[in-house]
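Residue numbers (the UniProt record's numbering): 1 to 299.
Before any comments, here is the structure.
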Amino acid sequence: MPKDRLQNLLHLHFIVFIWGFTAILGKLITIDSLPLVWSRMGLATLFISLYIYFSKFNIKVSKKTFVWLLLGGIVVALHWVTFFLAIKVSTVSVALAMMSTGAFFTALMEPFWYKRKIITYEIFFGLLVIIGLYLIFKVETQYMYGMVIALISAFLAAVFSLINGKLVQTHKPSVISFYELGIGVVFLSVVLLIKGDLNMSLVQLTSMDWIYLLILAIICTAYAFIASVKIMRVLTPYTVMLTTNLEPVYGILLAWFIFGKEEEMKPMFYVGACIILLTVIANGILKQRANIKKRVPKI
């Protein structure tokens with residue numbers, strides 16, 4: 001139904017806007033990236049556990065699946081830690097621009113992951129992404145460390161998406177999320193224990209930090225995840241993919257509005273960011289057309 005589709009499309013834009021706001025919260029929360037992610041994953045695990053309990057989902061998985069969930073949980077924990085670290089040592093705009101390369105990393109790894117041939121236009125798009133990165137690195141050298149950390153985060157996000165791409169075929173997304181977030185909490189707890197930082201200071205936060213963390217965990221993580229899955233029952237993956245690419249745009253605009261001059265970059269930064277974003281969108285469009293051709297029966 002057209003009306004139902006429009007409602008879901010507007011809902012999707014709202015969710016992508018929320019994801020863009022995640023970076024803003026990362027900047028506003030005063031604690032370091034490691035305890036920040038530990039708190040986020042812990043709270044999100046709690047709320048998704050409640051959702052699973054009331055939905056009466058079966059959470060039993062095979063040993064083989066658990067190994068993949070274990071890997072996914074560690075990868076997503078490292079992805080979020082590096083993402084928030086990049087924001088704290090640079091700016092929201094820089095971190096989000098670098099995160100746009102996640103789709104590029106995914107395109108590079110997909111041929112090996114799914115054992116298919118490398119597509120020619122993916123190599124061309126890869127060169128365009130490198131040009132975009134070069135322009136950004138050239139004009140914003142003071143944020144070099146943050147950019148490198150954000151690129152590592154984007155790579156980890158690509159690995160995470162490939163892992164979940166296989167898991168979601170046979171398991172409920174909420175169950176996958178429950179395990180991966182829970183495993184991430186355990187993994188980060190071990191890291192904090194080794195560092196000697198696993199103590200009461202992790203929960204002794206300011207009232208504003210708690211408010212921001214609850215928004216991050218409940219709205220930006222648990223709610224956005226579950227809602228995005230439901231939306232995919234109505235909207236095509238192609239529509240979801242194209243809309244999701246607006247996340248850095250929403251995030252950068254929000255950063256301008258909230259942080260002002262701190263987020264202003266040189267003009268060439270935006271040229272490079274646009275090259276990366278447009279390349280990602282073009283890659284998605286060509287992939288969708290290729291999928292449509294495969295589904296068309298030969299006469």
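The beta-carbon is built from N, C-alpha and C at its ideal position, and this holds for glycine as well.
Q.
Rounded to the nearest angstrom, what separates F17 and I48 at their Cα positions?
A. Here residue 17 is taken as the residue at index 17 of the sequence shown, counted from 1. Here residue 48 is taken as the residue at index 48 of the sequence shown, counted from 1. Taking the straight line from one Cα to the other gives about 21 Å.
Q) Given that a residue counts as buried once 16 or more other Cβ atoms are within 10 Å of its Cβ, and exposed if not, what is L133? A) Taking the sequence shown and counting its residues from 1, one reaches residue 133 at position 133. By the neighbour-count rule (16 or more Cβ atoms within 10 Å), L133 is buried.
Q) Along the chain, which unbroken stretches of the alpha helix (DSSP H) at least 4 residues long are found entirely within the UniProt domain "EamA" (145 to 281)? A) With a minimum length of 4 residues, the continuous alpha helix (DSSP H) runs that stay inside the UniProt domain "EamA" (145 to 281) are 173 to 195, 207 to 214, 224 to 231, 237 to 244 and 247 to 259.
Q: Using the Cα positions of F137 and M144, report the straight-line distance between them to the nearest angstrom.
A: As a working note, residue 137 is residue 137 in the sequence shown. As a working note, residue 144 is residue 144 in the sequence shown. Each residue's alpha carbon lies about 7 Å from the other.
Q. Which residues in the same chain have their Cβ closer than 7 Å to the Cβ of I258, if we skip the five residues on either side of it in sequence?
A. For the purposes of this step, residue 258 is taken as residue 258 along the sequence shown, with counting starting at 1. Correct list, in chain order: I24.
**Q.** Proximity below 8 Å, CB of S161 to CB of T82
**A.** In the sequence shown, residue 161 corresponds to position 161, counting from 1. In the sequence shown, residue 82 corresponds to position 82, counting from 1. No. Outside cutoff.
Q: List the endpoints of the continuous alpha helix (DSSP H) containing S49.
A: As a position in the sequence shown, residue 49 is number 49, starting the count at 1. Note, S49: alpha helix (DSSP H), S33 to S55.
Q) For N171, is the classification buried or exposed, using 16 other Cβ atoms within 10 angstroms of its Cβ as the cut-off for buried? A) In the sequence shown, counting from the first residue as 1, residue 171 sits at position 171. Here the sequence assigns His to residue 171, which means Asn is not the residue at that position. By the 10 Å Cβ count, H171 comes out buried.
Q. Counting Cβ pairs closer than 8 Å, one from the region 185 to 194 and one from the region 83 to 95, do we hit at least three?
A. Taking 8 Å as the limit for Cβ pairs, the verdict is that the region 83 to 95 does not touch the region 185 to 194.
Q.
Tell me the residue span of the alpha helix (DSSP H) that contains Y134.
A. One-based indexing of the sequence shown puts residue 134 at position 134. Y134 -> alpha helix (DSSP H) spans T120 to V139.
Q) If you run the structure through DSSP and keep just helix, strand and coil, what is I285? A) Here residue 285 is taken as the residue at index 285 of the sequence shown, counted from 1. DSSP places I285 in helix when its eight states are reduced to three.
Q) Should N199 be labelled buried (16 or more other beta-carbon atoms within 10 Å of its own) or exposed? A) Working through the sequence shown from its first residue, we reach residue 199 at position 199. Result: exposed.
Q) Shortest alpha-carbon distance to W19 belongs to which of H79, P248 and T206? A) For this step, residue 19 is matched to residue 19 along the sequence shown. Ranking the options by Cα distance to W19, first place goes to P248.
**Q.** Three-state secondary structure (DSSP) of K115
**A.** Reading the sequence shown from its first residue, position 115 is the one you call residue 115. If DSSP states are grouped into helix, strand and coil, K115 belongs with coil.
**Q.** Classification of I285 by the beta-carbon crowding that lies within 10 angstroms, buried from 16 upward
**A.** Position 285 of the sequence shown, counted from the start, is the residue given in the question as residue 285. Within a 10 Å sphere around the beta-carbon of I285 sit fewer than 16 other beta-carbons, which makes this residue exposed.
**Q.** Whether V61 touches L50 by CB criterion (8 Å)
**A.** Locating residue 61 in the sequence shown gives position 61, counting from the first residue. Locating residue 50 in the sequence shown gives position 50, counting from the first residue. No. Outside cutoff.
Q: Put S93 into one of helix, strand or coil per three-state DSSP.
A: Mapped onto the sequence shown, residue 93 falls at position 93. Residue state for S93 is assigned as helix, using DSSP reduced to three classes.
Q.
Helix, strand or coil for V67? Go by DSSP, reduced to three states.
A. Looking up residue 67 in the sequence shown gives position 67. If DSSP states are grouped into helix, strand and coil, V67 belongs with the helices.
(Q) For A227, tell me which candidate among Q7, T244, T279 and H11 has the shortest Cα-Cα distance. (A) Start at 1 with the first residue of the sequence shown, and residue 227 comes out as number 227. Of Q7, T244, T279 and H11, the residue nearest in Cα terms is H11.
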